[in-house]
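Numbering-wise (our numbering), the sequence shown opens with residue 351 and increments by one.
Glycine is no exception: its CB is placed at the ideal position from the N, C-alpha and C atoms.
Worksheet for the structure shown next.
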Amino acid sequence: MTKSKSFEYPDPDFSDFDKDRYGQVWAVYDTLDGTPRFYGIIREIFSLEFKLCIAWLEPEPLNETKWLYEGFLAYCGRFRIGNLEHIEVHLMFSHLVCATNGNNNDAIKIFPVKGESWALLKDWGSKNLNYEFVEVFSNYNESIGVHVAYLDKTKGFTSLFHMVGNLFLVPVKGIFRFSHRIPSMKMIGMERDDFPEGSF
């Protein structure tokens, strides 16, 4: 029997639900391990108090892969509008997602965007959730893929990461290695004397 887990999430400053949010796509925390890898689009706002109706986004299978049919989920790519749900708890939301419309009104594309930081699955194709962190250096190209560089923890800090190594390409066929975007800020080197410029 699997023991249930409880996750606590701080109220992030960048999740401002006091503004108009109709039509926005937001990342939602996964109850499996507390990472923001599900997506919902806001369909209706009921009042000034927090009460929303969201439509969950479901992965749209791609013709060139069997991955979705083999029990794995996609956390970036093409999505379609799924079931509606009424929400009254805002702490389930992580961050606003950069999403674009596809070929029709129901197709939504979510891919890594230049300047973002993402978690990349180390054991792609397995059920093990082991990650490497990367900075995205190019917007996703459907013919090529996306260029990234590894991020490593900066010595002496618990939540500061810096680029290591050279850029490399995650090809189109490897796009499902992207697990979830990590909300982050890029340092300019003036926050503190020991903050490396360009770190996250």
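Residue burial classification, residue i (beta-carbon count within 10 angstroms, cutoff 16)
| i | result |
| --- | --- |
| SER529 | buried |
| THR381 | exposed |
| LEU402 | buried |
| ARG542 | exposed |
| HIS306 | The requested residue 306 does not occur in the structure, where the chain is confined to residues 351 to 550. |
| GLY515 | exposed |
| GLU466 | buried |
| PHE364 | Since pLDDT at PHE364 reaches only 45, below the 50 mark, its modelled position is unreliable, and the value read off the structure follows with that caveat. It counts as exposed. |
| ILE538 | exposed |
| THR385 | buried |
| TYR490 | buried |
| GLY390 | buried |
Pairwise C-alpha distance: residue j and residue i
| i | j | result |
| --- | --- | --- |
| GLY548 | HIS512 | 7 Å |
| VAL486 | PRO546 | 18 Å |
| THR450 | PHE518 | 25 Å |
| LYS459 | GLY427 | 6 Å |
| ALA377 | ILE437 | 14 Å |
| SER534 | HIS445 | 10 Å |
| THR504 | VAL522 | 30 Å |
| GLU408 | PHE443 | 17 Å |
| ARG371 | ILE392 | 7 Å |
Residue i - partner residues in DSSP beta bridges
| i | result |
| --- | --- |
| PRO386 | TYR379 |
| VAL514 | TYR500 |
| THR450 | LYS459 |
| GLU435 | ILE404 |
Reference residue i, options the options, closest by Cα
| i | options | result |
| --- | --- | --- |
| SER488 | THR508, LYS472, PRO462 and ILE395 | PRO462 |
| ILE532 | PRO521, VAL496, ASP543 and PHE550 | PHE550 |
| GLU410 | GLY432, ARG393 and ARG387 | GLY432 |
| ARG527 | LYS464, ASP383, ASN480 and MET442 | ASN480 |
| GLU435 | VAL447, ALA424, ALA405 and ALA457 | ALA405 |
Run of the beta strand (DSSP E) containing residue i, from where it starts to where it stops
| i | result |
| --- | --- |
| LEU471 | 467-471 |
| GLU482 | 481-486 |
| ARG531 | 528-531 |
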